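S.K.: Residue numbers for the sequence shown, in the working numbering: 536 to 968.
Cβ atoms here follow ideal geometry from the backbone N, Cα and C, with glycine treated the same way.
Small disclaimer: the values here were computed from a predicted structure and weren't measured.
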Amino acid sequence: MSATLGTRNGLLEELIDRYPEIPPEAVLKEDLLRTGIAFDDAALTENLDGSVKPKSYFIFSFDQKPLAELGAAAEQRPPEEIALTGGPWQLRRTIVSVRVNPTSPYLVARVDGSLRLSVEGRDLAEVTLPPMPEYYRHTLANGKTVMETAPTIEWGYLIYLTVLRLCQYFGAHEECGFCDINHNWRQHKQAGRPYTGVKPVEDVLEALELIDRFDDASHAYTLTGGSVTSTVEGLAEADFYGRYAEAIEERFPGRWIGKVVAQALPKADAQRFKDYGISIYHPNYEVWDKRLFSLISPGKQRYVGREEWHRRILDAADVFGPANVIPNFVAGVELARPFGFESVDEAIASTVEGLDYFMSHGVTPRFTTWCPEPTTPLGRDNPDGAPLEYHVRLLGTYREALARNGLQPPPGYGEPGVGKAVFSVSSFMDVLA
Ligand code: SF4
């Protein structure tokens, strides 16, 4: 097989050659996540009526085009995730979250009866779609679907409970520059899709009953949504998210690992999360560099401030134990124009500084691969995302930082390793041993 210079296929070949320590599975997965995938009509689902699990839009759009420009994929949802195997690199099973981009060089299409992934016409892998889970075939007593109320991702491992579909950081001076949570809420509402702003606790419990009855693949749930700067239904952030955990743990004690993604709150609030039954806390710091943090996450800077955010992350380690505090950053925004670093070297150096800062305290960050959603400021200015080389190098750098600090892969993500990992929005778990 020959790499043609200047093509996407050529870029893949080049990076796979230059970074032999990173498995080809991870190189391809990162490129699919940063670029998105086009779907042939025959590779779309029949929404909730078919045998394939549809994309639930569990929090952000994670698409590279607005819903109105997705063509057939707006009517017939794409699958939630795809599993790739075989092809020229003999890929071991690799789970990739679906980000739709009708103009992507990557295409999933039916060829001679089976689904294949190709890039610019070159066949890359066999594609397996996630089966429709039995619990998606049932509805709540009020007619709501389990897919909307308690979708599962990571090939069924994680129940994703976005119980607040909006963020109270609002507008250009507060919303994170990469985040389309508020826009995504608006576009789903405009399209007439069911999309609940605040999920009633009873709905969540009823959906979990169905999952519990029909499924044994789920191992964790994540409670999340936007930041709460005032109150929701009279509750401040720790009590708002905490009430769901409390109800879940009361009804299903210890059935799943409970996680929450929230602001970095004062230690007393972190303790409240713990008391409500949460065992893993994700106070996401988004980007390490001081200047970039204030520009990219202005709401976090305004309401909490970077140094205080970091201090609270470390304080939370006293509450949960350092291994159970897992702040996320959005890999790639370090390089986003107009504010980002000029070179991959500088971006990697900055990110590693942040990794070592947290890891030296026993706290293990993790990352998702930036999806340049077009309605966000950073996505609009950087439709191609960050260079693939950054994403590939970051995987090796992350693995080295973990080893250097004597830490294990973070808990709550299933098994690590190529062919085994299920974490679908970055390949950090795929490259760990
Ligand atoms: S805190 Fe930032 S990333 Fe999180 S929902 Fe709000 S705007 Fe989005």
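Taking contact to mean 3 or more Cβ pairs, one atom from each stretch, closer than 8 Å, check whether the segment 714 to 724 and the segment 905 to 921 are in contact.
M.R.: Touching, yes, given that three or more Cβ pairs across the two stretches are closer than 8 Å.
S.K.: Can you give the Cα-Cα distance for GLU559 and PRO818, rounded to whole angstroms?
M.R.: One detail in the question is off: residue 559 reads as Pro in this sequence, not Glu. Each residue's Cα considered, the two are about 31 Å apart.
S.K.: Any chance you could list the alpha helix (DSSP H) runs of at least 4 consecutive residues sitting entirely within the segment 630 to 714, in chain order?
M.R.: Segments of the alpha helix (DSSP H) lying fully in the segment 630 to 714: 681 to 684.
S.K.: Check whether the Cβ of GLY706 sits closer than 7 Å to any heavy atom of the ligand SF4, and report yes or no.
M.R.: GLY706: no, Cβ never under 7 Å from the ligand SF4.
S.K.: If we count the other Cβ atoms within 10 Å of its Cβ and call it buried at 16 or more, is ARG928 buried or exposed?
M.R.: The residue in question, ARG928, is buried, as its Cβ has 16 or more Cβ neighbours within 10 Å.
S.K.: Figure out for me which residue from ASP552, VAL865, PHE876 and PRO873 has the closest Cα to the Cα of CYS714.
M.R.: Answer by Cα proximity: VAL865.
S.K.: Nearest-angstrom Cα distance between PRO944 and PRO900?
M.R.: In a straight line, the C-alpha of PRO944 is about 10 Å away from that of PRO900.
S.K.: Look up ALA618 in the DSSP assignment and say whether it is helix, strand or coil.
M.R.: Residue state, collapsed to three classes: strand.
S.K.: In whole angstroms, what separates the C-alpha of ASN917 from that of ALA707?
M.R.: Near 17 Å, if we compare the C-alpha coordinates of ALA707 and ASN917.
S.K.: What's the call for ALA726, buried or exposed, on a 16-neighbour Cβ count within 10 Å?
M.R.: Label assigned to ALA726: exposed.
S.K.: Can you look up GLY571 in the DSSP assignment and give me helix, strand or coil?
M.R.: DSSP places GLY571 in coil when its eight states are reduced to three.
S.K.: What first and last residue would you give for the beta strand (DSSP E) that runs through VAL865?
M.R.: From DSSP, the beta strand (DSSP E) with VAL865 extends over 863 to 866.
S.K.: Please go through the segment 740 to 815 and give each complete beta strand (DSSP E) segment of 3 or more residues, from N-terminal end onward.
M.R.: Whole beta strand (DSSP E) segments, 3+ residues: 755 to 760 and 792 to 796.
S.K.: Just checking, does the segment 769 to 786 make contact with the segment 819 to 837 on the three C-beta pairs under 8 Å criterion?
M.R.: Segments in contact, no.
S.K.: Return no unless some Cβ of chain E is closer than 8 Å to the Cβ of PHE958.
M.R.: Chain labels in this structure do not include chain E; a single protein chain is all it has.
S.K.: Measure the C-alpha to C-alpha separation of PRO555 and LYS724 and round it to an integer number of angstroms.
M.R.: So the alpha carbons of these two residues sit roughly 46 Å apart.
S.K.: Looking only at its own chain, which residues have a Cβ that is under 7 Å from the Cβ of VAL839, when we skip the five neighbours before and after it?
M.R.: Result list for VAL839: GLN798 and ALA799, in chain order.
S.K.: Report whether the distance from the Cβ of SER959 to the nearest heavy atom of the ligand MG is below 7 Å.
M.R.: Looking at this structure, you won't find the ligand MG anywhere; what it does contain is the ligand SF4.
S.K.: Taking three-plus beta-carbon pairs below 8 Å as touching, is the segment 649 to 665 in contact with the segment 726 to 741?
M.R.: Judged by Cβ distances under 8 Å, the segment 649 to 665 makes no contact with the segment 726 to 741, as fewer than three pairs qualify.
S.K.: Return helix, strand or coil for VAL860, following the three-state DSSP convention.
M.R.: Here VAL860 sits in strand by DSSP.
S.K.: Just the C-alpha distance for ARG627 and THR764, rounded to the nearest angstrom, thanks.
M.R.: Rounded to whole angstroms, ARG627 to THR764 spans 44 Å at the Cα level.
S.K.: Since I believe PRO637 is in contact with VAL587 (beta carbons under 8 Å), could you give me their beta-carbon distance rounded to a whole number of angstroms?
M.R.: Their Cβ separation, rounded to whole angstroms, is 19 Å, which puts VAL587 and PRO637 out of contact at 8 Å.
S.K.: Tell me whether LEU870 sits in a helix, a strand or coil according to DSSP, three-state version.
M.R.: Looking at LEU870 - three-state DSSP - the assignment turns out to be helix.
S.K.: Are there three or more Cβ pairs, one per stretch, closer than 8 Å when the segment 668 to 678 is compared with the segment 747 to 762?
M.R.: Segments in contact, yes.
S.K.: When we look at the beta-carbon of LEU605 and count the other beta-carbons within 10 Å, is it buried (16 or more) or exposed?
M.R.: Burial call: buried.
S.K.: What are the residues that DSSP puts in a beta bridge with VAL587?
M.R.: In the DSSP output, where bridge partners are listed per residue, VAL587 has PRO666.
S.K.: Quick one: does the C-beta of ILE716 sit closer than 7 Å to a heavy atom of the ligand SF4?
M.R.: ILE716: yes, Cβ under 7 Å from the ligand SF4.
S.K.: What residues match up with PHE902 in a beta bridge as DSSP calls it?
M.R.: Partner(s): PHE864.
S.K.: Helix, strand or coil for HIS723? Go by DSSP, reduced to three states.
M.R.: Residue state, collapsed to three classes: helix.
S.K.: Given that a residue counts as buried once 16 or more other Cβ atoms are within 10 Å of its Cβ, and exposed if not, what is PRO788?
M.R.: Its Cβ having fewer than 16 others within 10 Å, PRO788 is exposed.
S.K.: Is CYS906 near the ligand SF4, in the sense that its beta carbon is under 7 Å from a heavy atom of that ligand?
M.R.: For the ligand SF4, not one heavy atom lies less than 7 Å from the Cβ of CYS906.
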